[in-house]
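Take a look at the structure set out below.
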Amino acid sequence: MSSQEVISKLPRVGKVSTAAPALIPAQQSAYQDLVEAARPGSVTYLVGDVGIGKTTLLRRLQEELGGALITSEDLLKAIAGGHPQAIDESVFGLLDGALRHNQTVLVDDIDIITYANSAELSYPRAHLFGLAFTALAETARSSNRRLVFALDSQYEDRLAKRMIGRAQTVTFPHLGVTDYSAVLSGALGDLPTDFRVEKIFTSSSRLSIYQLLSTCEYLRDQLDLSTEGFLEVLQTKILTSNVELFEVADVKFSDLKGLDAVVESLEINVVLPMENLERFSDLDLRPKRGVLLYGPPGTGKTSIGRALAHRLRGKFFMIDGTFITEPPALFFNRIREVFSNAKQNSPSVIFIDDADVLFRTDHVYGLNRFLLTQLDGLESETAGNVTVMMTAMQIGHLPVALLRSGRVELWLETKLPDAEARRAILAKHIAGLPAEMRTYDLEELDEITKGFNGADMKRLVEDTKALFAYDTNTGKNPSAIMFYLKTSAEIVRKNKQSLARAERIIAGKESEYPMDECGW
Numbered sequence: 011m012s013s014q015e016v017i018s019k020l021p022r023v024g025k026v027s028t029a030a031p032a033l034i035p036a037q038q039s040a041y042q043d044l045v046e047a048a049r050p051g052s053v054t055y056l057v058g059d060v061g062i063g064k065t066t067l068l069r070r071l072q073e074e075l076g077g078a079l080i081t082s083e084d085l086l087k088a089i090a091g092g093h094p095q096a097i098d099e100s101v102f103g104l105l106d107g108a109l110r111h112n113q114t115v116l117v118d119d120i121d122i123i124t125y126a127n128s129a130e131l132s133y134p135r136a137h138l139f140g141l142a143f144t145a146l147a148e149t150a151r152s153s154n155r156r157l158v159f160a161l162d163s164q165y166e167d168r169l170a171k172r173m174i175g176r177a178q179t180v181t182f183p184h185l186g187v188t189d190y191s192a193v194l195s196g197a198l199g200d201l202p203t204d205f206r207v208e209k210i211f212t213s214s215s216r217l218s219i220y221q222l223l224s225t226c227e228y229l230r231d232q233l234d235l236s237t238e239g240f241l242e243v244l245q246t247k248i249l250t251s252n253v254e255l256f257e258v259a260d261v262k263f264s265d266l267k268g269l270d271a272v273v274e275s276l277e278i279n280v281v282l283p284m285e286n287l288e289r290f291s292d293l294d295l296r297p298k299r300g301v302l303l304y305g306p307p308g309t310g311k312t313s314i315g316r317a318l319a320h321r322l323r324g325k326f327f328m329i330d331g332t333f334i335t336e337p338p339a340l341f342f343n344r345i346r347e348v349f350s351n352a353k354q355n356s357p358s359v360i361f362i363d364d365a366d367v368l369f370r371t372d373h374v375y376g377l378n379r380f381l382l383t384q385l386d387g388l389e390s391e392t393a394g395n396v397t398v399m400m401t402a403m404q405i406g407h408l409p410v411a412l413l414r415s416g417r418v419e420l421w422l423e424t425k426l427p428d429a430e431a432r433r434a435i436l437a438k439h440i441a442g443l444p445a446e447m448r449t450y451d452l453e454e455l456d457e458i459t460k461g462f463n464g465a466d467m468k469r470l471v472e473d474t475k476a477l478f479a480y481d482t483n484t485g486k487n488p489s490a491i492m493f494y495l496k497t498s499a500e501i502v503r504k505n506k507q508s509l510a511r512a513e514r515i516i517a518g519k520e521s522e523y524p525m526d527e528c529g530w
């Protein structure tokens, strides 16, 4: 469909007096600012989070001022009817035509075009979008018409930089407790006297109207409406992260043997403030914004992430090696989306696994600067409450600037388990084995597993089971469990030695082929 055909089908309405649904306080504030900004001869941006009610305000403004409302469907139809390498022309043709036929033109979801323009998706004429928007601004000014764009706050800087000096911005405020109350009362009717909207707000202070209404849909027919029931639906049905929990090993903090001090510190400094903001509001508790988990491989850093994922559910976000993609620009788009969604679900945790490895990858050059900006931005984010948690085996491989100036507020070291912790780990892995495989010498086991980490202990038991099954399958009489444990421990230790030598060779500290092995 061509731009002209789309324009011909745009609904045009004059001013109407039909009573519209009441706006909640945040909408009323934004709408008043929007009316004042959208003067004849002006270009205005209405900026807000997804699902916050921008479309509602555009429709209200259309009812008051008349004109045409261009939706995302209209934009897509115009693009589909044009040449795929001339998206800028299609968008310009649609908006310019609408502006010439209407005193007021309202454009919803313009960030869809902005994203295509900025994601570097092989579109060869990306810079022409700036020319198109400049021309539209001039048309609105010279013809004394109004042009209003609504866009997601995540993409504000990408469009605004095209229009500096030619437009003004109206920012949709974040919802407050009174807004939550208005939305819930409107959707559910009179709330029970013991229903605590304040607790819902402090638990998730950046919810959108859409998220609140979606939660209400699940609860509409429930006779016993409670705060806890609302929060449970919110956590399990509405809040989503980039982690599929069914794919994550089910780990609890109580399973992390030998990491008691680390777990306790996380409970105090991260989990408690996130889960009990309302209970301790008089203390103004805030989760630490930067946490570093560091220690040798296999000491439980990733397992801590798994435990947090299951504990926090929709408030846990992961950044790992799978984010490294081609082209590099997509990497930063994915990172940006993670931070945006984490803020939306705050308080929340962004878990950057193997950060030291990620920062040494040439592909993600500039990640440290981006992360510094995000960490510093969170400090002034009034409702952010986002904790950035990083794991590292080598602290020296992390950018120095990231570690200084209090950006990492909590340093937690994961160490090799001591004898008591190794016993607990072994007991956990052996607990499900047949009775004849659960008898072993603890003192001897302590000796043969010295220097083993949690991953080594798991491997020890897996190899023990394999050796036992092999002997049974080949008709041999199974040996005592200690025989298999000692044999497996020797295998694990040799593997550790081979790994250590490989690391020395890679680091240039040892030759791969010593002189005596070469016969020189």
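Sequential numbering of the sequence shown, starting at 11, is according to this note's numbering.
Note that beta-carbon positions come from the ideal geometry of N, C-alpha and C, so glycine has one too.
Quick caveat, the model's predicted, so the values are computed rather than measured.
message: Taking only three categories from DSSP, how would you classify Y55?
response: By 1-based counting over the sequence shown, the position of residue 55 is 45. Note: Y55 maps to strand in three-state DSSP.
field: Delimiting residues of the beta strand (DSSP E) encompassing T397
entry: For the purposes of this step, residue 397 is taken as residue 387 along the sequence shown, with counting starting at 1. From DSSP, the beta strand (DSSP E) with T397 extends over V396 to A402.
Enclosing alpha helix (DSSP H) for M447 [first to last residue]: The residue labelled residue 447 in the question sits at position 437 within the sequence shown. Element bounds for M447: n/a, residue is neither H nor E.
- prompt: Exposed or buried, which one is P297 when buried takes at least 16 other CB atoms within 10 Å?
  reply: The sequence position of residue 297 within the sequence shown is 287, counting from 1. Answer is buried; the Cβ neighbour count reaches 16.
- request: Return the residue from the list K475, D106 and S213 that minimises the CA-CA distance to I491.
  value: If you number the sequence shown from 1, residue 491 lands on position 481. Closest option to I491, Cα to Cα, is K475.
field: Sequence-distant residues of the same chain with beta carbon closer than 7 Å to L223, five excluded per side
entry: Indexing the sequence shown from 1 puts residue 223 at position 213. V193 and A197.
field: Identified DSSP bridge partners for M328
entry: The residue you call residue 328 lines up with position 318 of the sequence shown. According to DSSP, M328 bridges with F361.
field: Sequence-distant residues of the same chain with beta carbon closer than 7 Å to V348, five excluded per side
entry: Translated into positions along the sequence shown, residue 348 becomes position 338. Counting only Cβ-Cβ distances below 7 Å, and skipping sequence neighbours, we find N252, F327, I329 and I360.
field: According to DSSP, residues forming a beta bridge with R156
entry: For the purposes of this step, residue 156 is taken as residue 146 along the sequence shown, with counting starting at 1. Paired residues: S52 and T114.
- prompt: From V273 to A40, what does the alpha carbon distance come to, in whole angstroms?
  reply: One-based indexing of the sequence shown puts residue 273 at position 263. One-based indexing of the sequence shown puts residue 40 at position 30. If you take the alpha carbons of V273 and A40, they lie about 43 Å apart.
message: Does the structure place the region 219-239 close enough to the region 419-439 that three or more beta carbon pairs sit under 8 Å?
response: no
- request: Sort out for me which residues DSSP pairs Q178 with in a bridge.
  value: Sequence index remark: in the sequence shown, residue 178 carries index 168 (1-based). For Q178, which the question treats as bridged, DSSP gives the partners T54.
- prompt: Sorted by chain position, which residues of the same chain lie with C-beta nearer than 6 Å to M447's C-beta, five sequence neighbours on each side aside?
  reply: Within the sequence shown, the letter at position 437 stands for residue 447. Contacts found: I491.
task: Could you tell me whether the Cβ atoms of A402 and D366 are closer together than 8 Å?
output: Residue mapping note: residue 402 aligns to position 392 of the sequence shown, counting from 1. Residue mapping note: residue 366 aligns to position 356 of the sequence shown, counting from 1. Yes.
query: When the Cα atoms are used, what is the spatial distance from R503 to L381?
result: As a working mapping, residue 503 is identified with position 493 in the sequence shown. As a working mapping, residue 381 is identified with position 371 in the sequence shown. Whole-angstrom Cα-Cα distance: 38 Å.
query: Could you check where the beta strand (DSSP E) with L235 kicks off and where it finishes?
result: Numbered from its first residue, the sequence shown carries residue 235 at position 225. That residue, L235, is in no beta strand (DSSP E); it is neither H nor E in DSSP.
field: According to DSSP, residues forming a beta bridge with D162
entry: As a first step, residue 162 must be located in the sequence shown, where it is residue number 152. Partner(s): G58.
- prompt: Which whole-angstrom value describes the C-beta separation of V396 and A352, a residue pair presumed to lie in contact below a C-beta threshold of 8 Å?
  reply: The residue given as residue 396 occupies position 386 in the sequence shown. The residue given as residue 352 occupies position 342 in the sequence shown. Right, the Cβ-Cβ distance comes to about 5 Å (below 8 Å), so this counts as a contact.
query: Excluding five sequence neighbours on each side, which residues of the same chain lie with their C-beta closer than 6 Å to the C-beta of S356?
result: Indexing the sequence shown from 1 puts residue 356 at position 346. Result list for S356: R216, G394, N395 and V396, in chain order.
Burial state of N154 (16 or more Cβ within 10 Å): As a position in the sequence shown, residue 154 is number 144, starting the count at 1. By the neighbour-count rule (16 or more Cβ atoms within 10 Å), N154 is not buried but exposed.
- prompt: So does the region 301-312 actually touch the region 233-249, counting three or more Cβ pairs closer than 8 Å?
  reply: no
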